[in-house]
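Numbering follows the numbering used here, with no gaps: position 110 of the sequence shown is 110.
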Amino acid sequence: MEGNCERIKSAAEKILTDGVIKPGNVLKVDSFLNHQIDVPFICLLGQKFKELFDDRKIDKILTIEASGIGIACLTAIYFNVPVVFAKKSAGSNMDKDVYATEVKSFTHNKVNHVIVSKKYLNKGEHILIMDDFLANGCAIKGLIDLVNQAGGIVEGAGICIEKGFQGGGDELRSEGIDVKSLAIIDQMDPETGTIVFR
Ligand code: 5GP
C-alpha cells in the first residue's frame, strides 16, 4: 500500500484524486477509507480531529460498524481513549444487557437494529461520536440516542466526509450538536465527476 500522506494533506484533495461518484448520491472512497485503508493518511485525519476537539474532555469514542471503526481507532490514538463500536445485530455471544436503537442505512436502504453493551457506555462519560460519512444523519442520530440512553454527554461528532446537500449535518448543528467534518460536499455530479466543496 502506498501511503501518500506526505503529498496529500486534506480530505478534500484525497476525495478529488481518489473518489468515484456513483448514481444515487453515493461517493465511493474504497481506495483509502472503505475497503483499502490508507493508514498513514487516515492517521493524519485522526490528528486533525484531535486538534478540532482538543478543547473537549473526551473519555471515549463511539462509532458504528463497520466503516467508522478505522477512523475512530486512528483518532483514539491521539486522545488516548478506547473506541466502542455499535453493532448492527446481536450475535449469539453478545451481552443481553444492551442499549438499542434503530438506524436507517443510507447505502443499503434498510433499517438496522443497532446495539451497544451497557458495560461500555456509562453515565457521565464524555463521548466523541465519529463516522466516515454523514448524509441524512440517521447513523449519528442513532449513536446520540445510545449515548443519551446511557446518561453520557455527547461532546461532538467528527466526520470524515459530509454530504452537505443531504442536510443531516446542518440539522444536527441546528439541534446543538458540534458537528465537525473534514470535507463538506455541497454538490457532486456523477455525469461530469464534478465535486463542489463548501
Ligand atoms: P446517514 O445515516 O447520515 O444518512 O448516512 C451515513 C452512513 O451511511 C455512514 O455510516 C456511511 O457508512 C454511509 N454512507 C452514506 N453516504 C455514503 C456515501 O456516499 N458513500 C459511502 N461510502 N458511504 C455512505
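Note that CB positions come from ideal geometry on N, CA and C, so glycine has one too. Quantities reported herein were computed from a predicted structural model and do not represent experimental measurements.
I'd like to check one pair, Met130 with Phe32: are the Cβ atoms closer than 9 angstroms?
As a first step, residue 32 is located in the sequence shown; it is residue number 32 there, counting from the start. As a first step, residue 130 is located in the sequence shown; it is residue number 130 there, counting from the start. Result no, Cβ atoms of Phe32 and Met130 do not sit closer than 9 angstroms.
If you draw a straight line from the alpha carbon of Glu2 to that of Asp38, how long is it in whole angstroms?
Position 2 of the sequence shown, counting from 1, holds the residue named residue 2. Position 38 of the sequence shown, counting from 1, holds the residue named residue 38. Here Glu2 scores only 45 on pLDDT, less than 50, and its place in the model is too uncertain to base an answer on.
Which of helix, strand or coil does DSSP assign to Phe32?
By one-based count along the sequence shown, residue 32 stands at place 32. Looking at Phe32 - three-state DSSP - the assignment turns out to be helix.
Just reading off the beta strand (DSSP E) that Gln187 is part of, what are its end residues?
Taking the first residue of the sequence shown as position 1, residue 187 is located at position 187. Segment Val179 to Met188, the beta strand (DSSP E) holding Gln187.
Excluding five sequence neighbours on each side, which residues of the same chain lie with their C-beta closer than 8 angstroms to the C-beta of Lys118?
Taking the first residue of the sequence shown as position 1, residue 118 is located at position 118. The answer, listed in chain order, is Asp95, Asp97, Val98, Tyr99 and Ala150.
Can you give me the Cβ contacts of Phe133 inside the same chain, cut-off strictly under 6 angstroms, excluding the 5 residues immediately before and after it?
Residue mapping note: residue 133 aligns to position 133 of the sequence shown, counting from 1. Ile161.
Span of the beta strand (DSSP E) holding Gly156?
Locating residue 156 in the sequence shown gives position 156, where the first residue counts as 1. From DSSP, the beta strand (DSSP E) with Gly156 extends over Ile153 to Lys163.
How many whole angstroms separate the CB atoms of Gly193 and Val179, which I take to be in contact at a CB cut-off of 8 angstroms?
Counting from 1 along the sequence shown, the entry for residue 193 is found at position 193. Counting from 1 along the sequence shown, the entry for residue 179 is found at position 179. So it is not a contact: roughly 27 angstroms between Cβ atoms.
Hey, out of Met188, Phe197, Arg198 and Glu175, whose CA is closest to Val26's CA?
The residue labelled residue 26 in the question sits at position 26 within the sequence shown. Selected option, being the one with the closest Cα: Met188.
Count Cβ pairs between the segment 52–65 and the segment 136–151 that sit closer than 8 angstroms; are there 3 or more?
Yes, since at least three Cβ pairs between the segment 52–65 and the segment 136–151 fall closer than 8 angstroms, the two stretches touch.
Could you tell me if the beta carbon of Lys28 falls within a distance shorter than 8 angstroms of some heavy atom in ligand 1?
Looking up residue 28 in the sequence shown gives position 28. Result yes, Cβ under 8 angstroms from ligand 1.
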